[in-house]
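See structure below.
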Amino acid sequence: MKSSAQSMAAFKSGLWDALPITASYILFGAIYGMMAMQAGLTSWESLALSIFVYTGAGQFSTVSMIAEQAGFWAILMTICLLNTRHLLMALSVSPYYQQFSNAKVNLLAFFLTDEQYAITLNRFRREKTQEAYIYGVSISLYLSWALGTWLGTVAGQWIPDPASLGLGFSFTAMFLALAYYQLVSLARIVTFLFCGALAVVCALWLPNGLHLLIAGTAAFLIGYMLPSRQEADAAAKEAREEESA
Amino acid sequence: MTMFGLFLVLGIVTYLSRRIFLRLPGNWLSPRMRNGLTYIPVGIFAALIFPSLFVQGGQAVFQPLLLAASLVCLLLMAISKNVFISFGVSLGLVVLVSLGVIPWG
């Protein structure tokens, strides 16, 4: 009984934490829906892409490539490149998913998006991993994306242009606020700035999506090469002992 | 290939990219590996944030309004530690300037 109440509280907490992003998801989902209709997809096809594939950047790319009559392999390669970032995101949250059964991980994997990753990671950092919390965030974002898509297909002409309202900044603002919690040491701040500069250079020169993979890999290598906190503590203890001896 | 066939393949590829590394065998996670993994979000966040501020349509851009709003967001996080306030105020600033309610430049 107590466990069920805790799960419900965690689920509600997930819904609440995802709230700032759900409005943006609805709006951008609607823009996608409108673009998909313009690309010649039916309402059902537009909605099917949101329901079964559920990858914002990938969907925008897919419909614009369909509109340009790109071939199957070109679309598939673009999606693969865009998806490379998921590999690293999944890798970084994998320690928190160790406690879940394979069946649960199989289900939760479907909902891993940039925003879900950012929100849940922020929670894992300060509280124990709760499945109900991940579902709260994931379901909220998933439904708002599907709702936005549907709205875009039925009422696309009335949807305001997010760029003219400055709403494109909503994702940046959310990522910045959540990134703040990651910047807890000088090494991390320097890594953040270095990876940011690297990502900008890569975004200018390389195909879409690869900059995330490269910046994430660079950050991983920096973290891997730096001594872990346990190792640093052990080295400091050893040095103190040598000094006193 | 039908449209739904294409969607099915895209769905499978996307799902696999999310699932493959989501649960690694426990013995892979040495302290060093764990330390490396804790740095990945730093790189991912940087790669999500910086290009959105400095790259637009494949060109390098300087957007003072977005940079100012980003600083406001970080300052508010430092002061309040509240994601809602920092997100809302910084986004509100960009929207109000875009609508012409707050004069800029």
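Heads up: the sequence lines are chains A and B, in that order.
Residue numbers for the first sequence follow my numbering, so the first one is 1 and each next one is one higher.
Residue numbers for the second sequence follow my numbering, so the first one is 1001 and each next one is one higher.
From the three backbone atoms N, C-alpha and C, an ideal C-beta is built for every residue, glycine too.
My guess is that S50 (chain A) and T149 (chain A) are in contact by the Cβ rule of under 8 Å, so how many angstroms apart are they, rounded? 4 Å
Name, going along the chain, the residues of the region 1006-1022 of chain B whose beta-carbon falls closer than 8 Å to a beta-carbon of chain A. L1006, F1007, L1008, V1009, L1010, G1011, V1013, T1014, Y1015, S1017, R1018, R1019, I1020, F1021, L1022
Could you please tell me which residues of the region 1025-1052 of chain B, in chain order, have their CB closer than 8 Å to any CB of chain A? G1026, L1029, P1031, R1032, M1033, R1034, N1035, G1036, L1037, T1038, Y1039, I1040, P1041, V1042, G1043, I1044, F1045, A1046, A1047, L1048, I1049, F1050, P1051, S1052
With the cut-off set at 9 Å, would you say S1086 (chain B) and V1097 (chain B) are in Cβ contact? No, Cβ-Cβ distance for S1086 (chain B) and V1097 (chain B) is not below 9 Å.
Quick check on this structure: which residue in A:I214, A:A177, A:W205 has the alpha carbon closest to the alpha carbon of F194 (chain A)? A:I214
Alpha-carbon to alpha-carbon, I222 (chain A) and I31 (chain A): 38 Å
Relative to chain B, which residues along the region 94-110 of chain A have a C-beta separation below 9 Å, given in chain order? S94, P95, Y97, Q98, F100, N102, V105, N106, L108, A109, F110
Applying the 10 Å Cβ sphere with the 16-neighbour rule, what's the burial state of F1054 (chain B)? buried
9 Å is my cut-off, CB to CB: does V53 (chain A) come that close to chain B? yes
Top-ranked residue by Cα proximity to E45 (chain A), from B:G1005, B:G1105, B:W1104: B:G1005
Rounded to whole angstroms, what's the CA-CA distance from Y1039 (chain B) to L1022 (chain B)? Just pull it up for me. 16 Å
In chain A, what lies closer than 7 Å to F1054 (chain B) by C-beta? V200
Can you check which of these residues, A:Y96, A:L15, A:G29, is closest to L1029 (chain B) by C-alpha distance? A:Y96
Is V1055 (chain B) helix, strand or coil when you go by DSSP? strand
Spell out a yes or no on whether the region 65-72 of chain A and the region 176-196 of chain A are touching, meaning 3 or more CB-CB pairs, one atom from each, closer than 8 Å. no
Once you ignore the five residues that flank Q248 (chain A) on each side, which residues in its own chain have a CB closer than 8 Å to its CB? No information on residue 248 (chain A) is available, as it lies outside the stretch 1 to 245 that chain A covers here.
Could you tell me whether the Cβ of V1095 (chain B) comes closer than 9 Å to any Cβ of chain A? yes
What's the C-alpha gap between P162 (chain A) and G168 (chain A)? Their backbone Cα atoms lie some 6 Å apart in a straight line.
N- and C-terminal bounds of the alpha helix (DSSP H) containing N122 (chain A): 114-126
Sorted by chain position, which residues of the same chain lie with C-beta nearer than 6 Å to L27 (chain A)'s C-beta, five sequence neighbours on each side aside? P162
Contact list for R188 (chain A) against chain B, beta-carbon separation under 8 Å: The contact set of R188 (chain A) on chain B, defined by CB atoms closer than 8 Å, consists of Y1039, V1042 in chain order.
As assigned by DSSP and simplified to three states, the class of A90 (chain A): Helix.
Near-chain B residues of the region 150-179 of chain A (beta-carbon distance less than 8 Å), N- to C-terminal order: S164, L165, G166, L167, G168, F169, S170, F171, T172, A173, M174, F175, L176, A177, L178, A179
Segment limits, alpha helix (DSSP H) that includes Q69 (chain A): In the DSSP assignment, Q69 (chain A) falls outside any alpha helix (DSSP H) and carries neither an H nor an E.
So, at 7 Å on beta carbons, what are the nonlocal neighbours of L1024 (chain B) in its own chain, with the 5 sequence-adjacent residues on each side left out? none
Just checking my contact of L1010 (chain B) with V53 (chain A) at CB under 8 Å: how many whole Å lie between their CB atoms? 5 Å
Quick one: what's got a C-beta closer than 8 Å to A1060 (chain B)'s C-beta in the same chain, skipping five residues either side? F1054
Report the residue from B:V1089, B:R1018, B:F1007 whose alpha carbon sits nearest the alpha carbon of L107 (chain A). B:R1018
Enclosing alpha helix (DSSP H) for M1003 (chain B) [first to last residue]: 1003-1019
Three-state secondary structure assigned by DSSP to A103 (chain A): Three-state result, A103 (chain A): helix.
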